[in-house]
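Novice:
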Amino acid sequence: MELNQKNLDNLSNRISCPEYDRKSLATGIVHIGVGGFHRSHQAYYIHLLLQKDDADNWAICGVGLREGDRNMYNVLKEQDGLYTLVTQHPNGDIENEIIGSIAEFLLAVDDPQAVIDKLASETTKIVSLTITEGGYNFNPSTGEFDFENPDIQHELRNPNEPKTVYGYLTAALKKRRANGFPPFTIMSCDNIQHNGAAARKMVLAFAKKQDPQLASWIEKEVSFPNSMVDRITPVTTKEIIDYLKNEYDLQDKWPVVCEPFIQWVVEDNFSNGRPQLENLGVQFVPDVTPYEKMKIRLLNAGHSVLGITGAIHGHPTIDSCMRDETFRKFMRGFMDKEVTPILGSIEGIDMEDYKDNLEIRFGNPNIKDSVSRICSESSAKLPKFLIPTLIENLEQDGSIKFATFILAAWCYYSDKRINKDGRPTEIIDAMAVQLHEAARKTATEPLAFLEQESLFGNLSKNKRFTELYKEMIGKIYGDPNIKKYMQDVLG
Ligand code: CS2
């Protein structure tokens, strides 16, 4: 049976379905960047809220800004915004739930005006974002707004023809201001440290160039709460689609799989109201800094550590890395010896418990999170997740061998594009070509990869680091059977 509103009644005796009346939903949140993560995390929380409370005005309108969002748009249109969330527990238990909180979906490339109008509507109170690190339009070497981007130049010249998130946000805020409506909150849900502050800096940089008066209004009136978001959400596979069909006679074209763990820590700073999510486990705190740092430096960096070494070794998924003792110990060694000393203690958090729990989460055999998802966009991830830990350890004379090994492995991975058995690795990275070009020079110039300053800053000038890096490069290039060198690092 196809998944859509009409069939919900028939489906509800075999799978958990929304109990709220979807016809009376109104959208208070517009979310830009609907992918697997948004659907396993924020849309799930809102679904729980709608199940529990009379909060019909907080449903979500999804927005896709790019042509690449068309598949999601088509599926959600066909399925009336409905999709199945499949929660896979480590012990094999599975929970399936049809989520109904996405009430509407707009594709900007088809109808830009509809998106501006939706954002500018008085009923829109929050605009949330999962646009990935790359979507923020940082100039990687300076961290400032990249005005060279041709789409940005286009929208600066033609404010009525937005293309990026910045053009849409400012066009809508301008309209709200002209109509005397209060602005929406801009809530980043991306894995970026100080994600709210980063979004604010970028929006203001753009707005100042486009319309300084509007920029002052935004500066005063719009809030940009920082948040830490967490739920491992692998890429949806055909097996899951088949499983729903076989077990439930349910045809869902794009279900989402996730782990049972879920966390959302948000600064309670909303300019135009917010849903009452605190009763559903969302933590509202005055300052998310310690939580986000802990998550990014341990979970996300830990993932990259396993992903890059796992890809070279030939492990297909994160859980298969975790079943390999060398990889598990290496990842834990990195966390214990290099990250924990930097983090220090965080009030209310038992760090050892947090790391033990990460081991269980990464090892969940039913999640099957591919190393290629983890390695994708490493050029945006490592400079935020792992390199700062290395730099801080250099400053404090701490251990650097684990992180250094990962950078040497990343160079090899970018250069060779095959695993130790000669099988091609799938590289998905906006900087793939540049990484490859830089890494290729390694044979004659061992530090060439590090000379990409936008990624590594001036690490190539630090003697303690470069000596070790060169030694590790020599080993990995000599024999890509990296497992034995990981054991050396472990000592
Ligand atoms: C992963 C994250 O993309 C990555 O490298 O580390 O997507 C991770 O699964 C999520 O942040 C978990 O909350």
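Add 578 to the 1-based position in the sequence shown for the numbering used here, that's all there is to it. Note that beta-carbon positions come from the ideal geometry of N, C-alpha and C, so glycine has one too.
1. Hey, would you say HIS619 sits closer than 8 angstroms to VAL883, going by beta carbons?
2. Would ARG939 and ILE818 qualify as a contact pair, given that the criterion is a beta-carbon distance under 8 angstroms?
3. Can you name the residues that DSSP bridges to MET806?
4. Kindly examine the ligand CS2 and report whether one of its heavy atoms sits closer than 7 angstroms to the Cβ of LYS959.
5. THR763 and GLU682: beta carbons closer than 8 angstroms?
6. Using only alpha-carbon positions, find the residue among GLN1012, SER923, GLU597 and GLY1056 that is nearest to ALA987.
7. Considering only DSSP beta bridges, list what GLN861 is partnered with.
8. Could you tell me if PRO596 is buried or exposed, where buried requires 16 or more neighbouring beta carbons within 10 angstroms of its beta carbon?
9. Could you pull the start and end residues of the alpha helix (DSSP H) that TYR714 belongs to?
10. Look at the alpha carbon of SER590 and the alpha carbon of TYR826, and state the distance between them as a whole number of angstroms.
11. When you compare each of SER948, GLU955 and ASP914 to LEU936 by their alpha carbons, which one comes out closest?
12. So what does DSSP say about THR904, is it helix, strand or coil?
13. Let me know the alpha helix (DSSP H) ranges lying completely inside the region 928-956, each 4 residues or longer, listed in chain order.
14. So, at 6 angstroms on beta carbons, what are the nonlocal neighbours of SER766 in its own chain, with the 5 sequence-adjacent residues on each side left out?
15. Using a Cβ-Cβ cutoff of less than 7 angstroms, which residues in the same chain neighbour VAL641 once the five nearest sequence positions on both sides are dropped?
16. Can you determine whether any heavy atom of the ligand COA sits closer than 7 angstroms to the C-beta of SER882, and answer yes or no?
17. Which residue wins for smallest C-alpha separation from TYR661, given the options ILE680, HIS667, LEU643 and ARG644?
18. Using the beta-carbon count (16 or more within 10 Å), is GLU1029 buried or exposed?
19. Any chance the region 991-1010 sits against the region 964-981, with 3 or more Cβ pairs inside 8 angstroms?
20. The alpha helix (DSSP H) spanning PHE683 covers which residue range?
Specialist: In terms of the structure at hand:
1. Not a contact, by the Cβ cut-off of 8 angstroms.
2. No; because the gap between Cβ atoms is not below 8 angstroms, this pair is not in contact.
3. Paired residue(s): VAL843.
4. Result yes, Cβ under 7 angstroms from the ligand CS2.
5. In this structure, THR763 keeps its C-beta atom at 8 angstroms or more from the C-beta atom of GLU682.
6. Checking every option, the nearest Cα to that of ALA987 belongs to GLY1056.
7. DSSP lists VAL843 as partners of GLN861.
8. So PRO596 ends up on the buried side.
9. Element bounds for TYR714: n/a, residue is neither H nor E.
10. Looking at the backbone, the Cα of SER590 and that of TYR826 are separated by about 11 angstroms.
11. For LEU936, the nearest C-alpha among the options comes from ASP914.
12. Under the three-state reduction of DSSP, THR904 is assigned to helix.
13. Counting only runs of 4 or more, we get 929-941 and 949-953.
14. Excluding its 5 nearest sequence neighbours in each direction, SER766 has C-beta neighbours in its own chain below 6 angstroms: LEU707, ASN773, GLY774 and ALA777, listed in chain order.
15. These residues qualify, in order along the chain: VAL608, HIS609, ILE610, LEU684, ALA686 and VAL693.
16. Absence of the ligand COA is noted for the structure shown, with the ligand CS2 being the only ligands found.
17. The residue from ILE680, HIS667, LEU643 and ARG644 with its alpha-carbon nearest to that of TYR661 is ILE680.
18. It counts as exposed.
19. Contact fails: fewer than three Cβ-Cβ distances are below 8 angstroms.
20. Run containing PHE683: none in the alpha helix (DSSP H); it sits in the beta strand (DSSP E), 680-685.
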